Amino acid sequence: MDNEARKTVIVAGLGLIGGSMAKAIKKNTDWRVLGWNRTRSVTEQALREGAIDATAEDADFASCDLLIAAMFPASIETFLLERIPQMRPGALAIDLAGVKTRIVESVGPVAKAHGVRFTGGHPMQGKARAGFDRSSAELFDGASMILVPSEATQEGDLEELGDFFLSVGFGRITVAGAREQDRMIAHTSQLAHIVSNSYVKSPVSARYVGFSGGSYKDMTRVACLDEVSWTELFIWNREALLPEIDGLIGHILELRAAIEAEDYETLEALLREGHRAKDRIDAANPDQPSD
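Be aware that the sequence shown starts at 16, since it is given in this note's numbering, and climbs by one per residue.
Dropping the structure here:
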């Protein structure tokens, strides 16, 4: 397929997520992949390794078919507000930030005014440590891709984007409103990172070898988060995240009170509640139990 017949995607931000996206598109599709990164050396590395076909120059934003922004949330917002007005009407744009409400509400109106079809996105896959060196064409295989419509999303865009991401390797497309997405992610992702990051601060944590089965590693896997990115994610999603934190603290305090009082009956009842809650969750999701 010659270059004139191929569609062009620009992947902006070539860290773990963007680098993996570029590699997956290159591996699984016929799209021409251009890369853009604030640090030029990363773009050059991606080019040497064949993760991209070329470096995206300013003029390429006016002619690309799809722009994928994969940076920290604040950088994504600034980048899209600057670049979308340079894109041709009818082109597609999507961001890959882990929170959606602020970006969809700020970028959507600008995209609509310029005729650019912007939709929010959130790939539900990652690794504990970030960076292009850890990116992989297989990172998203079988994962869920969340699509969040904005006021600039046009009829057929969700289907087109869904087909594209399935071709890249994703196994499921989930469509949600921005606030629904942020509420769910506060529970399923952000709260887990907060628990993990807090858990490893125990003074005995480093002595785990010989004293742990799998539970310690399960609990600490995501503790080594990127503090700059996750600070933005937590604060930008504080409206949804704070009630999750408060709920968790409340349940822990109930357990603590029962343990301190040596109240066997209450402690058993509280533990039974959690056990039954997990059973209900798995019964409601028999094809994908949460364990």
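We put the beta carbon where it would ideally sit given N, CA and C, even for glycine.
All values derive from a computational prediction rather than experimental measurement.
Short of 7 Å in beta carbon distance, which residues of its chain neighbour residue i, apart from the five on each side in sequence? Order them along the chain.
i: Leu285; result: Glu269, Leu270, Ala273
i: Val190; result: Leu162, Leu173
i: Asn18; result: With a pLDDT of only 47 at Asn18, under 50, the local geometry of the prediction cannot be trusted, and no value is derived from it.
i: Ala37; result: Val26, Leu29, Val48, Gly50, Ala61, Ala66, Ile67
i: Glu259; result: Ala201, His202, Leu206
On the three-state DSSP scale, how would you describe residue i?
i: His266; result: helix
i: Arg198; result: helix
i: Thr116; result: helix
i: Met160; result: strand
i: Val224; result: coil
i: Phe155; result: coil
i: Gln101; result: helix
i: Glu280; result: helix
i: Pro124; result: helix
i: Gln60; result: helix
i: Met16; result: Here Met16 scores only 36 on pLDDT, less than 50, and its place in the model should not be relied on; the value that follows carries that caveat. DSSP places Met16 in coil when its eight states are reduced to three.
i: Gly33; result: helix
i: Glu254; result: helix
i: Pro304; result: coil
i: Arg21; result: coil
i: Ser217; result: coil
Which residues in the same chain have their Cβ closer than 6 Å to the Cβ of residue i, if we skip the five residues on either side of it in sequence?
i: Ala238; result: Ser211, Asn212, Val215
i: Asp156; result: Gly184
i: Asn252; result: Val114, Asp197, Ala201
i: Ala112; result: Pro88, Ile91, Ile118
i: Tyr231; result: Tyr223
Quick test of your reading: residue i and residue j, contact by CB under 8 Å. State the CB separation rounded to the nearest angstrom.
i: Pro138; j: Val114; result: Not confirmed; about 13 Å, so no contact.
i: Thr54; j: Leu62; result: Actually they are not in contact, since the Cβ atoms of Thr54 and Leu62 sit about 13 Å apart, beyond 8 Å.
i: Gln196; j: Phe249; result: Their Cβ separation, rounded to whole angstroms, is 15 Å, which puts Gln196 and Phe249 out of contact at 8 Å.
i: Val131; j: Met102; result: 5 Å
i: Asp68; j: Ala84; result: So it is not a contact: roughly 18 Å between Cβ atoms.
i: Thr168; j: Thr134; result: 5 Å
i: Leu31; j: Lys142; result: 6 Å
i: Thr246; j: Ala193; result: So it is not a contact: roughly 20 Å between Cβ atoms.
i: His129; j: Ile99; result: 6 Å
i: Asp75; j: Leu49; result: 6 Å
Run through the DSSP bridge pairs and tell me what residue i is partnered with.
i: Trp6; result: Given that the chain is displayed from residue 16 to residue 306, the structure contains no residue 6 and the question cannot be resolved.
i: Phe137; result: The amino acid at residue 137 is misidentified as Phe; the sequence shows His. Answer is Ile161.
i: Ala108; result: Leu82, Phe133
i: Thr189; result: Ile161
i: Thr70; result: Gly50
Considering only residues of the same chain and omitting the five flanking positions on each side of residue i, which have a CB-CB separation below 8 Å?
i: Ser305; result: Lys293, Ile296, Asp297
i: Gly186; result: Asp156, Gly157, Ala158, Ser159
i: Ser78; result: Thr23, Arg103
Cβ atoms of residue j and residue i: under 7 Å apart, would you say?
i: Ala39; j: Ala152; result: yes
i: Gly34; j: Phe147; result: yes
i: Lys127; j: Glu166; result: yes
i: Asp241; j: Ala145; result: yes
i: Val24; j: Leu81; result: yes
i: Ile188; j: Gly177; result: yes
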